[in-house]
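Down below is the structure, laid out as structure tokens.
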Amino acid sequence: MIQKLYLQLFFISFSLYVSAQSDLKASYLRSEYKISPVIDVAHPRLSWELTSSVNSQYQTGYQILVASSITLLEEGKADLWDTKKVTGNATSQIEYAGSPLESRQICFWKVRSWDKKNQPGPWSAPATWEMGLLQKTDWKADFIGLNLNHLGKGKEYHLPPAPYLRKDVEIKGVVKKARLYVTALGLYEFQINGKKIGRDYLTPGWTDYNKRLYYQTFDVSKDLRPGKNALGSIISYGWYAGYLGYALLVRNPVVKNFYGDVPALKAQLEIEYTNGQKEIIATDNTWKANYGPIVESDILNGEVYDATKELTGWNQPNFNDTAWKKVITISDKTDRQVQVYPGDPVQEVARLTPKNSKQMGPNSYLVDMGQNFAGLIRIRFKAAKGDSILFRFGEMLYPDGKLMTENLRKARGTDLYIAKGDPNGEIYEPRFTYHGFQYVQIEGLKYAPGMQDILGIVLSSATPKAGTFETDNAFVNQLYHNIIWTQQSNYLEVPTDCPQRDERLGWTGDAQAYVKSATLNNDIAAFGTKWVVDLNDAQLANGAYPVYAPAPSVRVTDTYSPGWMEAGIIYPYQIFRSYGDTKIIKAHWAEMKKFMQFLETKSKGEYVFKETAFAEVDPKGGFGDWLSVGKKTPPDMLATMYYAYSASLMQEMAAAIGDEKEEAHFKEVFGKVKAAFLKHYTNAEGKFICNAAAYGNGKGYVDGEMGFEGHTQTAYANAIFMNLLDSTHTLKAAKWLNELVVKNGNKLTTGFLGVRPMLPALSATGNSETAYKLLFQKEYPSWGFEIANGANTIWERWNSFTREGGFPAGMNSFNHYAFGSICEWMFENMAGIKETSPGFKTLVIQPEVMAPNINSLKATHRSINGTIASAWQKKGDIVTLTIEVPVNTTATICLPPTPTNNITFNGKALVATAVKSKLVGRRELNTVTVGSGKYVLSYKKSALSGF
Ligand code: BGC
């Protein structure tokens, strides 16, 4: 009997031991794409990454526990949500479905996963999320401010000073928990007892302030002390009331104050004392206001800081503010939503130290930061009281070494500091502005600035890094460097076109062309989710998406344009595709459908946009293949292709949300547009044609005087990329595309809309050698030309600088990501990492290793499932691939068509039965399919293209 009991106990403990054995472990727990965020969605989506030492590992089930306290969670008491074991391999986009959550509630959660043998792994470390203020009535704070507009009058730029706001508060005991909920119409910096709260810049971010305003939440539990504390805030005009875009340049009737004219702060400090008491301290009419050293403050035009006007002690308790004014309170718009900021805040993401400095004249020094970037300068210096020190910023130098600032156009883009004469030196770093620059010219300093006294503060939306890319070829590495610095400079609150001139708008064409590249370099799930809201908030009444979002009317004629407006479909599609996010589809489905309806109505039921179809917009036809070279691809032809492409993405998105009716509908639309496109824009041979005469002399069209032609690189590249052609037609188009490039001396003619599909289309149709020739081209127009001319970011134009022509006047940025969309091809074709289902659940590894001047390459991409790596090396005629596949993911590795006994797989001859012939893209290839793990393959280089 006793023996039997022992035996039973043995078996029980043995099975417990066995079932606890899996090393499948969850980490990187996130809610709504963020680590420990404050959120305000009722059903936050949870995700985690899995690791295991076992190859081909995957999850067969998971259990999530959510508790209202860490103790309960540790005890396994999930009072909010216990999913129990859920079968399946989902590790992301899992919507919380537990007890309803309240404002301010903190949720503690953990997860464990069952492995492929159905054995559970250990519990993850705990993670949290916190609920923000869910009802508008949770807000007790008023908007407070000070109208200083009269002080900005009469100057070239009407820039009033930045208001300072303050109040002393009594903290009545020991603080257990304190949260600061804060936002502004304009921009704010909040301080407690003189310390800046948080590390964010340009908060609360840019939205259509008439519709919504975001707020930030900070844990300030440790910033308050019993007794008197000073709450202080400096506010500014920002996107809300400052200058925007090129309004001044184009003499728009409105040049600033697009959303309002008085900035205002709304802040609420919520305190829980250790004795259980709670208190809310909110902005109201008891706050005091003044203005001081920030004499002018504007994103585009920079800051004027007069240190002699500093309000010493204003941000400390017991400051005598009797001379300060009473704040004005500004009533909220009832229909404006106040929500948690869903994106990644702008933060300092790197620091630069200067490379050198050169004296340019008396008291004038030009400092080279060594890199073009978006951000600020922090400088330490000594100066006499009243000395004015001017900081001018530029991206490039004229051949004679002088700073080039003409391309800033109407953005003044300078900072001016008036010294207080502190014998210990002064430190200056502006707020509420940023510049796009590599060089800063400091004028008015009486001695050469110390290099150790200058820092470049690099600003960007803090999107987590997701990609690495490195080869043994310095040129390719430089190109990748230029791409990521350009993305970093322009993924700044919204996807901007450029960070320096009087623009910095969320141009939709640039954004849609680049978005896939962006996802490969950084995790833009949160950033993109936020911008897609901006995009939909800006949808026009007729259903078209705008040319930039947010969309203040900085030029009254800016409306919609083919190639730009489709960002309303393409951008959310990419977020869905990269992160398996179907919520973004559902959230904006109605608006996307409205847009598709706009296209249908606009095509007059013909499903094709014939020549001059978009003559009503300015410029006529829209922006077309912006900044292309030579004859123009007809914008209406591109509009038709984009129509078809949008329909195909809608079809796929409808399928993803399980809407079969809509899927069938958009399949039909795609078919109709494709057919109508081919009928109208191809000849009997299948060549792309257009009725150029319909455009007359081209007046009113972008580069219309160059003439129009259908047979262009841009046209074929897009048609191939967007799958508009059947297989025989694709072969022909591929031949013409290749010919067009070769006949042009292996040079591009593409602009913004042609460049993205160009190299992918060549590679997809067996012309990777030509794609590589374009990559390595050094003559204008090419990426190599920019790099040969010293570029360390991507230029706006292929000829942003030429030795003969210098800098073209007017529109010319050296930090513009659209042409950086080659990045997509670098990851997908050079490194060969290509997702084949949403969220990288399945992928293909198919590197194109034929470039004679690259012998090794390594790229990684951190997908929502974990990090994928693809590396290749060539030694003699042997190619070695090293591949890493994350848990829960299947990779199809493409092999050369050599007999399998020439291929080694993890050191052994590859067994023939492992090799399967599969259709990959457009080609039938030998493949091996692997699950998670690290794999090394080597084979003899094959003559066949791609291997
Ligand atoms: C911007 C672009 C934008 C374009 C519209 C420019 O001024 O900088 O990047 O897409 O206008 O064509």
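Quick note on numbering: the sequence shown equals residues -20 to -1, 1 to 927 in mature numbering (1 follows the signal peptide of the UniProt record, and there is no 0).
Even glycine gets a Cβ: it sits at the ideal position worked out from N, Cα and C.
Have a look at residue i and residue j and give me their C-alpha separation to the nearest angstrom.
i: V545; j: I261; result: Here residue 545 turns out to be Met, not Val, going by the sequence shown. The alpha-carbon atoms of M545 and I261 are separated by roughly 44 Å.
i: L160; j: A221; result: 24 Å
i: N69; j: D433; result: 53 Å
i: T448; j: T562; result: 27 Å
i: W219; j: T183; result: 10 Å
i: I802; j: T108; result: 38 Å
i: A364; j: A399; result: 6 Å
i: S48; j: G112; result: 15 Å
i: I215; j: E82; result: 30 Å
i: G101; j: D95; result: 7 Å
i: Y321; j: L515; result: 16 Å
i: V824; j: E804; result: 14 Å
i: L890; j: G746; result: 26 Å
i: K236; j: L485; result: 14 Å
i: T872; j: V910; result: 6 Å
i: S(-8); j: V867; result: Because the pLDDT of S(-8) is 45, which lies under 50, any placement of that residue in the model is unreliable, and the number read from its coordinates should be weighed accordingly. When rounded, the distance between both Cα atoms is 29 Å.
i: L(-16); j: L9; result: Bear in mind that the predicted position of L(-16) carries a pLDDT of just 48, short of 50, making it unreliable; the figure below should be weighed with that in mind. Taking the straight line from one Cα to the other gives about 42 Å.
i: V200; j: K157; result: 8 Å
i: Y540; j: L733; result: 15 Å
i: S311; j: G560; result: 41 Å
i: T394; j: A287; result: 17 Å
i: D348; j: N190; result: 41 Å
i: F578; j: A521; result: 10 Å
i: S628; j: Q554; result: 13 Å
i: E375; j: Y397; result: 21 Å
i: S583; j: P542; result: 13 Å
i: Q631; j: D122; result: 46 Å
i: V588; j: Y661; result: 9 Å
i: G901; j: Y625; result: 17 Å
i: W267; j: S558; result: 47 Å
Output needed for residue i: all residues of its chain with C-beta closer than 6 Å, excluding positions within five of it in sequence on either side, in chain order.
i: S344; result: E423
i: M389; result: Note on residue identity: the sequence assigns Arg, not Met, to residue 389. The answer, listed in chain order, is L229, R481, D482.
i: R535; result: V230, N232
i: H645; result: none
i: T860; result: Q853, S918
i: P737; result: A697, N698, F701
i: V916; result: T862, N886
i: N795; result: N352, G416, T466, S469, C478, P479, T773
Looking at the unbroken beta strand (DSSP E) that takes in residue i, where does it start and where does it end?
i: L742; result: It is not in any beta strand (DSSP E) - L742 instead sits in the alpha helix (DSSP H) that spans 732 to 744.
i: G548; result: Looking at the DSSP string, G548 is not in any beta strand (DSSP E); the run it does join, the alpha helix (DSSP H), is 547 to 559.
i: G846; result: 846 to 855
i: T862; result: 858 to 865
i: L26; result: 25 to 31
i: W89; result: 86 to 94
i: Y239; result: It is not in any beta strand (DSSP E) - Y239 carries neither H nor E in the DSSP assignment.
i: G212; result: 207 to 216
i: F170; result: 167 to 172
First and last residue of the alpha helix (DSSP H) that includes residue i?
i: Q468; result: 454 to 470
i: M630; result: 615 to 636
i: G508; result: 505 to 517
i: K574; result: 563 to 582
Excluding sequence positions up to five away, which residues of its chain have a Cβ less than 8 Å from the Cβ of residue i?
i: K566; result: I637
i: K382; result: M340
i: E904; result: S897, K898
i: residue 977; result: Since the first residue of the chain shown is -20 and the last is 927, residue 977 is not available in this structure.
Considering only residues of the same chain and omitting the five flanking positions on each side of residue i, which have a CB-CB separation below 7 Å?
i: N98; result: T40
i: A531; result: A518
i: W28; result: A6, S7, Y8, L9, T71, V91, S104
i: P24; result: S11, E12, Y76, W109
i: D452; result: I834, N835, S836
Quick check: does the Cβ of residue i come within less than 6 Å of any heavy atom belonging to the ligand SAH?
i: V721; result: What this structure holds is the ligand BGC, not the ligand SAH.
Can you list every residue whose CB sits closer than 5 Å to some heavy atom of the ligand BGC, going in chain order? D477, W487, G489, D490, F603, W606
Runs of alpha helix (DSSP H) wholly within the stretch 659 to 736 (minimum 4 residues, chain order): 693 to 701, 707 to 723
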